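The block underneath contains the structure these notes are about, expressed in structure tokens.
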Amino acid sequence: MGYFKTHKIDADTYYITEPLGVGAYLFLGNDRALLSDTGYGYMDIGKPVARITDMPPIVMNTHGHADHAGGDTRFKEIYIHPADAPLLDPNRQKEQRDLLFGYAKKVYPFLTPILFFLELRRTEKYKPVVKALDDGHLFDLGGRVLESIHFPGHTPGSVILADRRTKTLYAGDAVNHGLFLFFPDSPTLREYAAALRKLARLQGFERIRVSHGLTEFPFGFIEYYADFLERATLEKSERTDIPNGATPVLKYTEPGEAYGVSEISALFTEGSLAG
Numbered sequence: 645m646g647y648f649k650t651h652k653i654d655a656d657t658y659y660i661t662e663p664l665g666v667g668a669y670l671f672l673g674n675d676r677a678l679l680s681d682t683g684y685g686y687m688d689i690g691k692p693v694a695r696i697t698d699m700p701p702i703v704m705n706t707h708g709h710a711d712h713a714g715g716d717t718r719f720k721e722i723y724i725h726p727a728d729a730p731l732l733d734p735n736r737q738k739e740q741r742d743l744l745f746g747y748a749k750k751v752y753p754f755l756t757p758i759l760f761f762l763e764l765r766r767t768e769k770y771k772p773v774v775k776a777l778d779d780g781h782l783f784d785l786g787g788r789v790l791e792s793i794h795f796p797g798h799t800p801g802s803v804i805l806a807d808r809r810t811k812t813l814y815a816g817d818a819v820n821h822g823l824f825l826f827f828p829d830s831p832t833l834r835e836y837a838a839a840l841r842k843l844a845r846l847q848g849f850e851r852i853r854v855s856h857g858l859t860e861f862p863f864g865f866i867e868y869y870a871d872f873l874e875r876a877t878l879e880k881s882e883r884t885d886i887p888n889g890a891t892p893v894l895k896y897t898e899p900g901e902a903y904g905v906s907e908i909s910a911l912f913t914e915g916s917l918a919g
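Numbering (the numbering used here), first residue to last: 645 to 919.
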């Protein structure tokens, strides 16, 4: 049984997942391919890509977190928004993995030896050239154009990929049924809700796909999640076990069956409720 699993979304779009709960998207055009995110980097994501296409992919990160950019060192060149480029520092990548895995080990203790083994076998093939992925950047793949939309919040340099041909937004972690908004530079929940409402005014889109899971959300989910964030209160939230230094992380949830997921959630700090 292979480490990666490949899911065909349509004739020219693939979702490549790994067991630790994250996925990357591969987009094919007539002339070029684009790989959006590279996973944790424990195994070479280039191998499943090569089984799909013989076109060497352009590689980009939706943001700089270790579960999305950890495999960048398998490639010679990557695109990332300049605001997230500092997150690619190897020490910061390890800090992020330690944070994510610290939580995972508490919830799923059986993962401890597996994660230890994976960390031991990390290999870094290249120190990739980092290219700026600015707002409005167009990836012309030949018969298919993908546009980057800078959408700060989950990280300062988070981007969304807009595919007008399929009327789909590929949101990375910028929109999801469970958002992490507890980092030091995260906006308040009300600020993020306002940004989501602005995003919801985009014309010509019908659906959203995210990095964590195969669920396809209708475009109207953006407006729903904005309302959801505005309903969050301290009294309705619970403290979680996610480590975040000395600052407690809170979690607000509502049932999410209407969208094909068990719950809708947001994780944030008490200061995020300001404003």
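Backbone N, C-alpha and C fix where the C-beta goes; we use that ideal spot for every residue, glycine too.
Here the structure is a predicted model, which is why all the values come from computation and not from measurement.
Ends of the beta strand (DSSP E) at residue i?
i	result
phenylalanine 824	822 to 825
lysine 594	Residue 594 lies beyond the stretch modelled for the chain, which goes from 645 to 919, so this question has no answer here.
glutamate 721	721 to 724
valine 703	702 to 704
aspartate 654	649 to 654
lysine 775	773 to 776
aspartate 711	Careful: aspartate 711 lies outside any beta strand (DSSP E), inside the alpha helix (DSSP H) at 710 to 713.
leucine 678	677 to 680
alanine 806	803 to 807
glutamate 662	657 to 662
phenylalanine 783	782 to 784
Please look up how many angstroms separate the CB atoms of residue i and residue j, rounded, as I've assumed it's under 8 Å.
i	j	result
arginine 741	alanine 710	5 Å
alanine 668	threonine 682	6 Å
arginine 788	glycine 646	Their Cβ separation, rounded to whole angstroms, is 27 Å, which puts arginine 788 and glycine 646 out of contact at 8 Å.
isoleucine 852	alanine 815	5 Å
alanine 837	leucine 878	Contact flag wrong, Cβ pair sits at about 16 Å.
histidine 821	valine 905	5 Å
phenylalanine 865	tyrosine 903	6 Å
Mapping DSSP to helix, strand and coil, what is residue i?
i	result
serine 792	strand
glycine 797	coil
leucine 670	strand
phenylalanine 746	It is glycine, not phenylalanine, that sits at residue 746 in the sequence shown. Here glycine 746 sits in helix by DSSP.
glutamate 874	helix
lysine 907	Going by the sequence as given, residue 907 is glutamate instead of lysine. Looking at glutamate 907 - three-state DSSP - the assignment turns out to be strand.
proline 899	strand
glycine 690	helix
alanine 918	coil
glutamate 739	helix
aspartate 728	helix
tyrosine 770	coil
Tell me residue i's beta-bridge partners as DSSP assigns them.
i	result
arginine 591	Past the edges of the chain, shown from 645 to 919, lies residue 591, and the structure says nothing about it.
isoleucine 852	Leu813 and Phe861
phenylalanine 912	Leu825 and Leu894
glycine 683	Ala713
If we define contact as Cβ-Cβ less than 8 Å, is residue i a contact residue for chain D?
i	result
threonine 810	In the displayed structure, chain D is absent; only one protein chain is listed.
Between which two residues does the alpha helix (DSSP H) harbouring residue i extend?
i	result
threonine 756	755 to 764
Are the region 699 to 710 and the region 795 to 815 in contact at 8 Å, needing three or more beta carbon pairs?
At 8 Å Cβ cutoff, the stretches touch.
Specify whether the region 806 to 815 and the region 696 to 705 touch according to this definition: at least 3 beta carbon pairs, one from each stretch, less than 8 Å apart.
no
The region 765 to 782 / the region 725 to 734 touching (three or more Cβ pairs under 8 Å):
Under the Cβ criterion (8 Å, minimum of three pairs), the region 765 to 782 counts as touching the region 725 to 734.
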